[in-house]
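**Student:** Structure provided below as structure tokens; questions to follow.
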Amino acid sequence: MIIRFIEFIGVLMEKPAEGLGRFILLFYAVLKGIARPPFDVRNIVRQMLEIGVNSLPVVLITAVFTGMVLALQGYTGFKRFGAEGLVGSVVALSMTRELGPVLSALIVTGRAGAAMAAELGTMRVTEQIDALETLATNPVKYLIVPRFLSGLMMLPALTVVTDIIGILGGYFVTVTLLGTSSKSYLRATWNFLQVQDIYVGLTKACFFGAAFTLISCYKGFYTSGGAEGVGRATTGAVVFSSMTILISDYFLSAWLF
Amino acid sequence: MIELRDVHKSFEENQVLRGVSLKVRKGESVVVIGGSGSGKSVLLKHIIGLLKPDRGTVIVDSTDLSQLDEEGLNELRKKFGMLFQSSALFDSMPVWENVGFGLKRHTRLSDSEIKKIAIQKLRMVGLVGVEDLMPSELSGGMRKRVGLARAIAMEPEILLYDEPTTGLDPIMADAVNELIIKMRETLHVTSVTITHDMKSAYKIADTIAMLYNGVIIASGSPGEIRNTPDPVVRQFIEGRAEGPIVLEGIIR
Ligand SMILES: Nc1ncnc2c1ncn2[C@@H]1O[C@H](COP(=O)(O)OP(=O)(O)OP(=O)(O)O)[C@@H](O)[C@H]1O
Ligand SMILES: [Mg+2]
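Protein chains in written order, with my numbering: chain A, 1 to 257; chain B, 1001 to 1252.
As structure tokens, then:
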């Protein structure tokens, strides 16, 4: 009976375990690719533009409205016990520690992560990845390493932008619309914000950047089953990356306090 | 130069290769024929190490592929050029970068020199003025020829052609046959070609081998194959629907 049960669990876990194994091997191959120059600078720059610049408009709009709504809600809440002066701190803390990295990661996953999975998936099913191999080119190094590195670098950069724009959005609502003094908002922002907060936010951003590129590339790289498979890989990349970002965010927050 | 020994390969339940043995001497042109879905493309992918046999060995240049690490395999692959059945062009880059991909990766030539070579190779396959187009702007036959230009761009010692003439008009198909012959005569290329086109097979082959039910059932010079008494081979080369080869699901 117990053996049956263990067998059942074993069968149930076979696919995920196999997937995890392949994922770890892919990660290892990526690290090996990074450790071994030369780097394909042109490709890395192209991917950085793809991730960073193309996501910028959406990130900007999200950041400014998030900052604004935070300020609005903070103001409404704090007013009840006469602490309107703290709105700036709330906006600054939530943006740098939490919303900056998480929101930019989710947006970039939806755009760039989906695009990566679709592009690599198409290359897989149309044998372009095989063709790379026949041309003596390591596809992990050629395709995944540049995407991984640019995710790792661009997400912190986008997070900084999100933080700043979010804080400015909060400023606009608190100062321009609600008429609090500009000095008290800025004081509340600066006095509460510590280097630690920014460090936590950027560490998260690096982790998210690495996670979404790896997951999306993994999904694309191991696509099978034609156009339908590419669709599945793309959806899977977005769902898995988003879940990973949101779940790991909690644990990173707990560990990095 | 190339030797497959008792190669077996299955995909899940589907046993595709069931003990294929094939020898290709240096400078020889071997043509593999066989029905659709018989595993010809799978066979070709084993020669360049894209697929690994479940059982058996693949030997190229007296090296067993399974003994090579990744770098060794990549070094060996620099001797190869491969034309994919589906062309497999990189659709993120223009035609000339496709053709010059190997040169870009493995030589120190400048972009303008690479483009010049690419244009010259494209000319060899009968394509003029397409170098700046994207692959999505080409017809199927043009894509095939770009794939062919990419395969020969590095002047490899071994060429693997997967259905080089499929999808081409008869005149262009013959021009491609001539090109394959020229590659062998002038550059002493060793080649394995897959084709359904018997006319092309007779023209370019030193040896024709037929893959059937996962094994090579016959192999010989074009003359020997043409006059073979083997009913299976006869049916195939004469292109008859009735005979010992059973076409599942086709009612007649
Ligand atoms: N990557 C793969 N995964 C699973 N099955 C595969 C794979 N590649 C090929 N097969 C199976 O192997 C068999 C042989 O395929 P292959 O492409 O070698 O046929 P072929 O002889 O080249 O046919 P055609 O003349 O139509 O190109 C088919 O049944 C196919 O479904
Ligand atoms: Mg085929």
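For each residue, glycine too, the CB sits at the ideal point set by N, CA and C.
1) Using 10 angstroms around the beta-carbon of residue 1188 of chain B, count the other beta-carbons present and answer buried if the total reaches 16, otherwise exposed.
2) Strictly under 9 Å for the Cβ-Cβ distance: is residue 1050 of chain B near chain A by that measure?
3) What residues of chain A sit near residue 1014 of chain B, judged by a beta carbon separation below 7 Å?
4) Note down the Cα distance separating residue 124 of chain A from residue 1002 of chain B, rounded to an integer number of angstroms.
5) Using a C-beta cutoff of 9 Å, does residue 99 of chain A count as contacting chain B?
6) Residue 1070 of chain B touches chain A at which residues, Cβ-Cβ below 8 Å?
7) Taking 8 Å as the line, does the beta carbon of residue 1194 of chain B fall inside it for any heavy atom of ligand 2?
8) Report the neighbours of residue 127 of chain A on chain B: residues whose CB is nearer than 7 Å to its CB, in chain order.
9) When the Cα atoms are used, what is the spatial distance from residue 208 of chain A to residue 1197 of chain B?
10) Less than 9 Å separating the beta-carbons of residue 159 of chain A and residue 101 of chain A?
11) Could you check the C-alpha separation between residue 211 of chain A and residue 223 of chain A for me, to the nearest Å?
12) Can you pull the DSSP bridge partners for residue 1067 of chain B?
13) Tell me the rounded alpha-carbon separation between residue 1100 of chain B and residue 1131 of chain B.
14) Roughly how many angstroms separate the alpha carbons of residue 118 of chain A and residue 1178 of chain B, rounded to a whole number?
15) Between residue 1046 of chain B and chain A, is any beta-carbon pair separated by less than 9 Å?
16) Any beta-carbon of chain A closer than 9 Å to the one on residue 1005 of chain B?
17) Going by C-alpha to C-alpha distance, which of B:1119, B:1086, B:1011 sits closest to residue 1051 of chain B?
18) Which residue spans inside the stretch 211-251 of chain A form an unbroken beta strand (DSSP E) run of at least 3?
19) Under 9 Å, Cβ to Cβ, is there at least one residue of chain B near residue 31 of chain A?
20) List, from N- to C-terminal side, the alpha helix (DSSP H) runs of 4 residues or more that fit wholly inside the stretch 40-113 of chain A.
21) In angstroms, rounded to a whole number, what distance separates the CA positions of residue 1032 of chain B and residue 59 of chain A?
22) Where are the alpha helix (DSSP H) runs, 4 residues long or more, that stay fully inside the stretch 1197-1250 of chain B, in chain order?
23) Taking the straight line between their C-alpha atoms, what separation do you get for residue 80 of chain A and residue 71 of chain A?
24) Cα-Cα, which of A:227, A:217, A:252, A:254 is closest to residue 240 of chain A?
25) Which residues share a DSSP beta bridge with residue 1060 of chain B?
26) What first and last residue would you give for the beta strand (DSSP E) that runs through residue 1054 of chain B?
27) Less than 8 Å separating the Cβ of residue 130 of chain A from some heavy atom of ligand 2?
28) Taking a cut of 8 Å between CB atoms, which residues from the stretch 1093-1119 of chain B lie near chain A?
29) What is the DSSP secondary structure of residue 1048 of chain B, counted as helix, strand or coil?
30) Among the residues of its own chain, which have a CB less than 6 Å from the CB of residue 1230 of chain B, if the five just before and after it don't count?
31) Just the chain B side, please: which residues come within less than 8 Å of residue 155 of chain A by C-beta, in chain order?
32) Using only CA atoms, which one of A:122, A:24, A:155, A:3 lies nearest to residue 50 of chain A?
33) Is the distance from the Cβ of residue 88 of chain A to the Cβ of residue 169 of chain A below 9 Å?
34) Using three-state DSSP, classify residue 1145 of chain B as helix, strand or coil.
35) Can you tell me where the beta strand (DSSP E) holding residue 1161 of chain B begins and where it ends?
36) By DSSP, does residue 1009 of chain B sit in helix, in strand, or in coil?
**Tutor:** According to the data block:
1) For the purposes of this step, residue 1188 of chain B is identified with residue 188 of the second sequence, where counting begins at 1. Looking at its Cβ environment, which holds fewer than 16 other Cβ atoms inside 10 Å, residue 1188 of chain B is exposed.
2) Here residue 1050 of chain B refers to the residue found at position 50 of the second sequence. Interface residue, yes.
3) Here residue 1014 of chain B refers to the residue found at position 14 of the second sequence. Here the premise fails: no neighbours, minimum Cβ distance about 14 Å.
4) Residue mapping note: residue 124 of chain A aligns to position 124 of the first sequence, counting from 1. Residue mapping note: residue 1002 of chain B aligns to position 2 of the second sequence, counting from 1. Between the alpha carbons of residue 124 of chain A and residue 1002 of chain B lies a gap of roughly 27 Å.
5) Numbered from its first residue, the first sequence carries residue 99 of chain A at position 99. False, the Cβ-Cβ gap to chain B never drops below 9 Å.
6) Reading the second sequence from its first residue, position 70 is the one you call residue 1070 of chain B. What residue 1070 of chain B touches in chain A: 138.
7) For the purposes of this step, residue 1194 of chain B is taken as residue 194 along the second sequence, with counting starting at 1. Result yes, Cβ under 8 Å from ligand 2.
8) Here residue 127 of chain A refers to the residue found at position 127 of the first sequence. Residues of chain B passing the Cβ test: 1084, 1086, 1088.
9) On the first sequence, position 208 is the one that residue 208 of chain A refers to. On the second sequence, position 197 is the one that residue 1197 of chain B refers to. Whole-angstrom Cα-Cα distance: 53 Å.
10) Locating residue 159 of chain A in the first sequence gives position 159, counting from the first residue. Locating residue 101 of chain A in the first sequence gives position 101, counting from the first residue. The answer is yes: Cβ separation under 9 Å.
11) By 1-based counting over the first sequence, the position of residue 211 of chain A is 211. By 1-based counting over the first sequence, the position of residue 223 of chain A is 223. Distance between the alpha carbons of residue 211 of chain A and residue 223 of chain A: 18 Å.
12) Counting from one through the second sequence, the residue named residue 1067 of chain B turns up at place 67. Per DSSP, none; premise fails for residue 1067 of chain B.
13) Here residue 1100 of chain B refers to the residue found at position 100 when the second sequence is read from its first residue. Here residue 1131 of chain B refers to the residue found at position 131 when the second sequence is read from its first residue. Taking the straight line joining both Cα atoms gives about 10 Å.
14) Numbered from 1 along the first sequence, position 118 holds the residue referred to as residue 118 of chain A. Numbered from 1 along the second sequence, position 178 holds the residue referred to as residue 1178 of chain B. Cα to Cα, residue 118 of chain A sits roughly 39 Å from residue 1178 of chain B.
15) Residue mapping note: residue 1046 of chain B aligns to position 46 of the second sequence, counting from 1. No, no contact with chain A.
16) By one-based count along the second sequence, residue 1005 of chain B stands at place 5. No, its Cβ sits nowhere closer than 9 Å to a Cβ of chain A.
17) For this step, residue 1051 of chain B is matched to residue 51 along the second sequence. Checking every option, the nearest Cα to that of residue 1051 of chain B belongs to B:1011.
18) none
19) Numbered from its first residue, the first sequence carries residue 31 of chain A at position 31. No, residue 31 of chain A lies away from the interface with chain B (no Cβ there is under 9 Å from its Cβ).
20) 41-48, 54-79, 87-93, 100-108
21) Translated into positions along the second sequence, residue 1032 of chain B becomes position 32. Translated into positions along the first sequence, residue 59 of chain A becomes position 59. The alpha-carbon atoms of residue 1032 of chain B and residue 59 of chain A are separated by roughly 55 Å.
22) You should have 1198-1204, 1222-1226, 1231-1238.
23) Position 80 of the first sequence, counted from the start, is the residue given in the question as residue 80 of chain A. Position 71 of the first sequence, counted from the start, is the residue given in the question as residue 71 of chain A. Going from the Cα of residue 80 of chain A to the Cα of residue 71 of chain A covers about 14 Å.
24) As a first step, residue 240 of chain A is located in the first sequence; it is residue number 240 there, counting from the start. Considering only alpha carbons, the answer is A:217.
25) For the purposes of this step, residue 1060 of chain B is identified with residue 60 of the second sequence, where counting begins at 1. The partner list for residue 1060 of chain B (beta bridge, DSSP) reads B:1002, B:1063.
26) Position 54 of the second sequence, counted from the first residue, corresponds to residue 1054 of chain B. Unbroken run through residue 1054 of chain B: none, as it is neither H nor E.
27) Along the first sequence, one-based indexing puts residue 130 of chain A at 130. The answer is no for residue 130 of chain A.
28) 1101, 1102, 1105, 1106
29) Translated into the one-based positions of the second sequence, residue 1048 of chain B becomes position 48. Correct three-state label for residue 1048 of chain B: coil.
30) By one-based count along the second sequence, residue 1230 of chain B stands at place 230. Correct list, in chain order: 1218.
31) Taking the first residue of the first sequence as position 1, residue 155 of chain A is located at position 155. In chain B, no part has a C-beta under 8 Å from the C-beta of residue 155 of chain A; the shortest such distance is about 23 Å.
32) Translated into the one-based positions of the first sequence, residue 50 of chain A becomes position 50. Looking at the Cα atoms, A:155 is the closest of the given residues.
33) Within the first sequence, the letter at position 88 stands for residue 88 of chain A. Within the first sequence, the letter at position 169 stands for residue 169 of chain A. Cβ atoms of residue 88 of chain A and residue 169 of chain A: not closer than 9 Å.
34) Residue 1145 of chain B sits at position 145 when you count from the first residue of the second sequence. Of the three classes helix, strand and coil, the one that applies to residue 1145 of chain B here is helix, per DSSP.
35) Stepping through the second sequence from its first residue, residue 1161 of chain B is reached at position 161. That run of the beta strand (DSSP E) goes 1158-1162.
36) For this step, residue 1009 of chain B is matched to residue 9 along the second sequence. It is a strand residue.
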